[in-house]
Amino acid sequence: MKLLFTLVGIFIVLPSVSQNQQEFSWEKLINKTWRAEDAGFGSRLVFYKSNIGMKKCIMQFEGSGVYIASTTEFSVEVFDGKINLSNPVKFHDGLKESDHDTNSSISLVIDAKNQVIINENSNVTYQILFKRPILLSRFGHEISIGKAERGELSASDFNK
150 MKLLFTLVGI
160 FIVLPSVSQN
170 QQEFSWEKLI
180 NKTWRAEDAG
190 FGSRLVFYKS
200 NIGMKKCIMQ
210 FEGSGVYIAS
220 TTEFSVEVFD
230 GKINLSNPVK
240 FHDGLKESDH
250 DTNSSISLVI
260 DAKNQVIINE
270 NSNVTYQILF
280 KRPILLSRFG
290 HEISIGKAER
300 GELSASDFNK
């Protein structure tokens with residue numbers, strides 16, 4: 150009987166520990182600007198929670214002759230130290246390029262000890278650039294993360 154109560158107790162505790170790990174990882178990601186450099190070109194990640202509670206990420210690629218060449222918004226899942234970016238919506242040159250390509254996703258790993266995020270496919274490493282979320286338009290104008298949180302981002306925001 151004692152063994153039965155112990156096993157029941159373990160199954161009750163395990164889900165809450167997993168939930169705490171997920172939230173711990175998410176809290177480490179949000180409200181920062183993460184940046185990686187690969188072959189001289191950079192990319193940025195900004196994680197945020199929408200006004201309806203959805204976890205989101207905006208990835209921006211730096212360009213030659215413009216601050217930001219393209220911007221993609223993703224849905225985010227965080228679990229066991231991993232981040233899955235899916236359902237991308239791409240913005241380029243002031244136009245919404247594509248909407249929710251369900252076949253496309255990016256897997257990232259959180260290295261909490263070193264405070265970095267590693268892209269599993271390309272081994273590109275993102276480090277904290279700013280301890281606040283900063284999005285840029287193609288010409289370097291700062292875009293309020295509040296617009297993203299409220300779900301008010303439009304392609305024209307990135308073409309200013």
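Each residue of the sequence shown is one higher than the one before, counting from 150 in this note's numbering.
Note that the Cβ used here is the ideal one computed from N, Cα and C, for glycine as well.
Practice prompt. Pair every Cβ in the stretch 261–273 with every Cβ in the stretch 282–295, then say whether three or more of these pairs are closer than 8 Å.
Written response: Per the Cβ contact rule, the stretch 261–273 is not in contact with the stretch 282–295 (fewer than 3 Cβ pairs under 8 Å).
Discussion item. Taking 8 Å as the threshold (beta carbon to beta carbon), is Glu186 in contact with chain D?
Written reply: Here chain D cannot be found, since the structure has a single protein chain.
Worksheet item: Where does Gly202 sit, in a helix, a strand or coil, going by DSSP?
Response: In the structure shown, Gly202 falls within a coil segment according to DSSP collapsed to helix, strand and coil.
Worksheet item: So the beta strand (DSSP E) Arg287 belongs to, where does it begin and stop?
Response: Run containing Arg287: none; DSSP gives neither H nor E here.
Worksheet item: How would you write the range of the beta strand (DSSP E) that Glu269 sits in, first residue to last?
Response: Counting along the chain, Glu269 sits inside no beta strand (DSSP E), nor does DSSP assign it H or E at all.
Worksheet item: Is Thr221 helix, strand or coil by DSSP?
Response: Residue state, collapsed to three classes: strand.
Worksheet item: With DSSP run on the structure shown, which of helix, strand or coil describes Ala297?
Response: Helix, per DSSP.
Worksheet entry | Exposed unless 16 or more other CB atoms sit within 10 angstroms - verdict on Met208 | Per the 10 Å Cβ criterion, buried.
Worksheet item: Given Thr220, which residues of its chain have a CB within under 7 Å of its CB, disregarding the five upstream and five downstream residues?
Response: The residues Ile207, Gln209, Phe240, Phe307, in chain order, have a CB closer than 7 Å to that of Thr220 in the same chain once the five nearest residues on each side in sequence are set aside.
Worksheet item: Looking at the structure shown, is Lys177 part of a helix, part of a strand, or coil, going by DSSP?
Response: Secondary structure of Lys177 (DSSP, three-state): helix.
Worksheet item: Going by alpha carbons, who is nearest to Phe279 out of Trp183, Gly214, Ser174?
Response: When each option's Cα is compared against that of Phe279, the closest is Trp183.
Fill in: Own chain residues within Cβ distance below 7 Å of Gln171, not counting five before or after
Interpretation of Gln171 is limited by its pLDDT of 48, a score under 50 that renders its predicted location unreliable; no figure is taken from the coordinates.
Practice prompt. Return the first residue and the last residue of the beta strand (DSSP E) that Ala185 is part of.
Written response: Counting along the chain, Ala185 sits inside the beta strand (DSSP E) bounded by residues 182–187.
Discussion item. One question on the structure: do Leu194 and Lys231 come within less than 8 Å of each other, judged by their Cβ atoms?
Written reply: It is not a contact, given that the beta carbons lie outside the stated cut-off.
Worksheet item: Asn332 and Ser254: beta carbons closer than 8 Å?
Response: In this structure the chain extends from 150 to 309, so residue 332 is not present and cannot be described.
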